[in-house]
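Please read the structure below before turning to the comments.
Number of protein chains: 2
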Amino acid sequence: MSFIFNFGIPGLMEVLPADMRARFDALGVEKRYQDKQHIQSRGDQTKGFSVIKSGAVCFGKTDKEGRFITTAVLEAGQCYGEFTVFGGLPRTHDGYAEGPTVISHLSKTKFDQLLLDEPALAAPIISLLTVRLHHMLEWVDDLRRYPLRYRLGKNLLLMVKGMEDSLIAATQSELADLMGVSRVAVAQALADYKRSGFVATEYGGLRLLDKEGLRSWLRQFETIDPVVPATPLFTDAAL
Amino acid sequence: MSFIFNFGIPGLMEVLPADMRARFDALGVEKRYQDKQHIQSRGDQTKGFSVIKSGAVCFGKTDKEGRFITTAVLEAGQCYGEFTVFGGLPRTHDGYAEGPTVISHLSKTKFDQLLLDEPALAAPIISLLTVRLHHMLEWVDDLRRYPLRYRLGKNLLLMVKGMEDSLIAATQSELADLMGVSRVAVAQALADYKRSGFVATEYGGLRLLDKEGLRSWLRQFETIDPVVPATPLFTDAAL
DNA sequence: CATAAAATGTAAACTAGTTAACATTCTTGG
DNA sequence: CCAAGAATGTTAACTAGTTTACATTTTATG
């Protein structure tokens, strides 16, 4: 499962030149986590930058009643910890492993040193932050503008983009988490889609049967024309 | 009026050393705008980085029915254009001046050159993006977690922080825009606050009468403990 | 200073979400 | 292979927001 920062957003490691990646690997301390294993707590003062080598990490906050609300799930290739390194903040989220996960941790000290040694690292980091910020703005905007049955459809299409089989392996609870709504709301939206023949649900997932149909059905909601990048996001930002 | 990126977030210019600020001023082309004057349109290919010298800029998107939905209002000291410069995107929002406004525009070419000449500029930019991203995450989180009468109160308190008079000069429509809800919803929340004696509304603004009372009333909603920065955000990020 | 424009206050009908509950179906581990 | 757990499907009552409407108050303007 995944969230905001995964769809169509390449990870830092993917855009970094090989030699830089190697330096990350050399400096970082790899740590293994089992499924569900706790990684960090909101409020921790452990400052550093981390790269997910494999698996995924679920970030969120546990409220006083003990209920966990997911903020984002980052998958392999993605990094996190900017807030502690660049913002001087303690950990802002609880985090635990989703599936067996390997993470390479760099302390703030080491990371700062790396950035001093390699000023070329700044560009990809700025790019990464920019893309995430842009993504968030769009997300908030959609949240205000469109109902769930638009947003869910849009994100389902995003999820299968570039996949040949159109099978989304996420439970409805996970999709609900993803969209920040209740499971019932997701089930109802999916029931709608099913009636129109856009999707077929199955245990533990669903299949997009008619992407084009869904796409054009969604267009009825769209109140603004989408902006398409002139150059793709995340080119080697000419710094 | 202001939005997400103003409360408690210093502008780029405020954190930049004097010499760097001077370089910005030297390279940029200053342009004056009258109240309500159009500055940019979503989709424009004009790429560059801009600094608001005085006044404010309202960003948003106009939907097909012609209705404008505000995304953010940036005030003097704030900058924008990261998406065009670092993300290779066309302008993602429509923008117009709020009040007489002066903006210093740097073309992408000039800005790229400036960054090459001044690698030290990377740190404050990274910091800025980080702070904004963090703010957005918190915003989305609050959106999911809390009802309007919590979020509005929280933001009213944020707005008067550091002010001695506790007068907020924003119409209810502006507050509604700010919170991404209808004017009626804001009026109802304010009516609640009034009944409790926390605020007094007046034409074109409102006054916080009992900050401490409001603060403690808000606490009843809070489901997680706030995280406080160990070191303040936006220190000269030790790069 | 009279009138228009802007802002506030409030009610009513509606809608898209919520939680709770429960029956059903599917999968997996002993 | 069957029992337990997990996931789905669906209903019902509720709630926090929406839009529309309109009366009232305040400010700005010719």
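Protein chains in written order, with this note's numbering: chain Y, 73 to 311; chain F, 73 to 311. Every residue gets a Cβ at the ideal spot worked out from N, C-alpha and C, and that includes glycine. Only a predicted model underlies this, so the values are computations on that prediction, with no experimental measurement involved.
Let me check one thing: in DSSP terms, what residues is residue i bridge-paired to?
i	result
Val174(Y)	Arg104(Y), Ser126(Y)
Val140(F)	Per the sequence shown, the amino acid found at residue 140(F) is Phe instead of Val. Partner(s): Thr134(F).
Val145(Y)	Cys130(Y)
Tyr265(F)	None; Tyr265(F) has no bridge partner.
Phe121(F)	Leu178(F)
Taking the continuous alpha helix (DSSP H) assigned at residue i, which residues delimit it?
i	result
Ala194(Y)	194 to 217
Gln185(Y)	180 to 189
Asp97(F)	90 to 99
Gln150(F)	Neither: Gln150(F) is in no alpha helix (DSSP H) and is coded neither H nor E.
Asp249(Y)	244 to 251
Pick helix, strand or coil for residue i, following the three-state DSSP scheme.
i	result
Gly160(F)	coil
Val256(F)	helix
Asp135(Y)	coil
Asp166(F)	strand
Val300(F)	coil
Leu239(F)	strand
Thr307(Y)	With a pLDDT of only 46 at Thr307(Y), under the threshold of 50, the placement of this residue in the model should not be trusted; the figure read from the coordinates follows. Coil at Thr307(Y), not helix or strand.
Gly225(F)	helix
Val87(F)	helix
Does the beta carbon of residue i fall short of 7 Å from some heavy atom of the ligand SAH?
i	result
Leu228(F)	By its list of ligands, the structure shown contains no ligand whatsoever, and the ligand SAH lies outside what it can speak to.
Mind listing the chain Y neighbours of residue i? Cutoff is C-beta to C-beta under 8 Å, in chain order.
i	result
Ser199(F)	Phe158, Gly159
Ala261(F)	The premise fails here: Ala261(F) is roughly 17 Å from chain Y at the closest Cβ pair, so nothing lies under 8 Å.
Pro191(F)	Pro191, Ala194
Which residue marks the beginning of the beta strand (DSSP E) containing residue i, and which one marks its end?
i	result
Gly112(F)	It is Gln, not Gly, that sits at residue 112(F) in the sequence shown. From DSSP, the beta strand (DSSP E) with Gln112(F) extends over 110 to 112.
Run down chain Y in chain order and give the residues with a C-beta less than 9 Å from the C-beta of residue i.
i	result
Val212(F)	Ile76, Thr143, Met208, Trp211, Val212, Leu215, Gly252
Which chain F residues are close to residue i, counting only those with a beta carbon under 8 Å from its beta carbon?
i	result
Asp135(Y)	Arg217, Thr295, Ile296
Gly115(Y)	Asp297, Val299
Quick one: which chain F residues come within Cβ less than 7 Å of residue i?
i	result
Phe140(Y)	Those do not exist, as Phe140(Y) stays about 10 Å from chain F at its closest Cβ, beyond 7 Å.
What does residue i touch in chain Y if you count any residue whose Cβ is under 7 Å from its own?
i	result
Glu154(F)	Thr202
Taking residue i as the query, report the chain F residues whose CB atoms sit under 9 Å from its CB, ordered along the chain.
i	result
Thr164(Y)	His206, Leu209, Glu210, Val299
- Message: My parser needs the alpha helix (DSSP H) runs of 4 or more residues fully inside the stretch 267 to 298 of chain F; what are they?
- Response: The qualifying runs are 283 to 291.
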